[in-house]
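*Asks:* In order, the protein sequences belong to chains A and B.
Going by this note's numbering, the first residue of the first sequence is number 84, and it counts up by one from there.
Going by this note's numbering, the first residue of the second sequence is number 593, and it counts up by one from there.
Right, I'll just put the structure down here and ask away after.
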Amino acid sequence: DVKVTQSSRYLVKRTGEKVFLECVQDMDHENMFWYRQDPGLGLRLIYFSYDVKMKEKGDIPEGYSVSREKKERFSLILESASTNQTSMYLCASSFGGGLFTDTQYFGPGTRLTVL
Amino acid sequence: KNQVEQSPQSLIILEGKNCTLQCNYTVSPFSNLRWYKQDTGRGPVSLTIMTFSENTKSNGRYTATLDADTKQSSLHITASQLSDSASYICVVSESGGGNKLTFGTGTQLKVEL
Chain A
84 DVKVTQSSRY LVKRTGEKVF LECVQDMDHE NMFWYRQDPG LGLRLIYFSY
134 DVKMKEKGDI PEGYSVSREK KERFSLILES ASTNQTSMYL CASSFGGGLF
184 TDTQYFGPGT RLTVL
Chain B
593 KNQVEQSPQS LIILEGKNCT LQCNYTVSPF SNLRWYKQDT GRGPVSLTIM
643 TFSENTKSNG RYTATLDADT KQSSLHITAS QLSDSASYIC VVSESGGGNK
693 LTFGTGTQLK VEL
């Protein structure tokens, strides 16, 4: 079974702090994704990566950056956290080929609260 | 703008009953449609995937249908169980390259005794 793990289930940070969210997948997947999920809005794509050191902006990249130094690990960085970044953050991975047509496997999510 | 709309927004049914969730989309060009199940506090898990030529796909007690002409899909749950309580999310993929998955906002299903 594919396993996608996220470093924290719950996180509380203060406005202005730098926040790191880590995601690791164990199935040698090429593609990795970061989403945020808010009530009534569905999942929205923040950034994605199709290879080591490669990254592309999704629909809502403002205020976020990412890092993919190893194939299995994809990090989301909030340079200066703000209250409007309070959300559930979901990481996903997929095998390769069809970047947005292959099945994505999701981690359990990190619920981030910014005070 | 591509959209995926799901109905109802929420639903409560008694254990053992059947239910049907709806998904209408405007995504074009269409590649495939997936239904995901998301338990509370968990990430979504794929239930079914259907391409343009497929009308029906089953996964145990879950049966998804697709009408590509009317751009509608449904997810039918048979003989519901308490463990079916979750959010069900319809996701449509766009073909032709580029970045596109469009997510619905989900139907929150609660199964009660």
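Where is the CB? At the ideal position from N, CA and C, for every residue including glycine.
Please confirm whether any heavy atom of the ligand SAH lies closer than 8 Å to the CB of residue 609 of chain B.
*Replies:* For the ligand SAH, the structure offers nothing, since it holds no ligand at all.
*Asks:* In the region 607 to 638 of chain B, which residues sit with their C-beta less than 9 Å from some C-beta in chain A, listed in chain order?
*Replies:* From the region 607 to 638 of chain B, only 623, 624, 626, 628, 630, 633, 634, 635, 636, 637, 638 have a Cβ closer than 9 Å to chain A.
*Asks:* Can you give me the Cβ contacts of residue 614 of chain B inside the same chain, cut-off strictly under 6 Å, excluding the 5 residues immediately before and after it?
*Replies:* 599, 666, listed in sequence order.
*Asks:* In its own chain, which residues sit with a C-beta less than 7 Å from the C-beta of residue 142 of chain A, not counting the 5 before and 5 after it?
*Replies:* Contacts found: 127, 128.
*Asks:* Tell me the DSSP secondary structure of residue 594 of chain B in three-state form.
*Replies:* Reduced to three states, the DSSP call for residue 594 of chain B is coil.
*Asks:* Kindly confirm or deny that the region 89 to 105 of chain A and the region 153 to 164 of chain A touch, where touching means at least three C-beta pairs closer than 8 Å.
*Replies:* Yes: the two stretches touch, three or more of their Cβ pairs being nearer than 8 Å.
*Asks:* State the start and end residues of the unbroken beta strand (DSSP E) segment that holds residue 607 of chain B.
*Replies:* Neither: residue 607 of chain B is in no beta strand (DSSP E) and is coded neither H nor E.
*Asks:* Taking buried to mean at least 16 other C-beta atoms within 10 Å of its own C-beta, is residue 716 of chain B buried or exposed?
*Replies:* With chain B represented from 593 up to 705, any question about residue 716 of chain B goes unanswered, as that position is not in the structure.
*Asks:* Can you say whether residue 612 of chain B is buried or exposed, counting buried as having 16 or more other CB atoms within 10 angstroms of its CB?
*Replies:* Exposed is the call here.
*Asks:* Leaving out the 5 sequence neighbours to the left and right, which residues in its chain are closer than 7 Å to residue 120 of chain A when beta-carbon positions are compared?
*Replies:* Closer than 7 Å at Cβ, skipping near neighbours: 126, 170, 171, 173.
*Asks:* So, does the region 604 to 611 of chain B touch the region 656 to 665 of chain B, judging by three or more C-beta pairs under 8 Å?
*Replies:* In short, these stretches do not touch, since the Cβ pair count stays below three.
*Asks:* Residue 698 of chain B: which of B:641, B:604, B:627 sits nearest, CA to CA?
*Replies:* Taking only the C-alpha atoms, the option nearest residue 698 of chain B is B:627.
*Asks:* Do the region 617 to 636 of chain B and the region 180 to 195 of chain A meet, that is, are 3 or more Cβ pairs less than 8 Å apart?
*Replies:* Because the criterion of three Cβ pairs below 8 Å is met, the region 617 to 636 of chain B and the region 180 to 195 of chain A touch.
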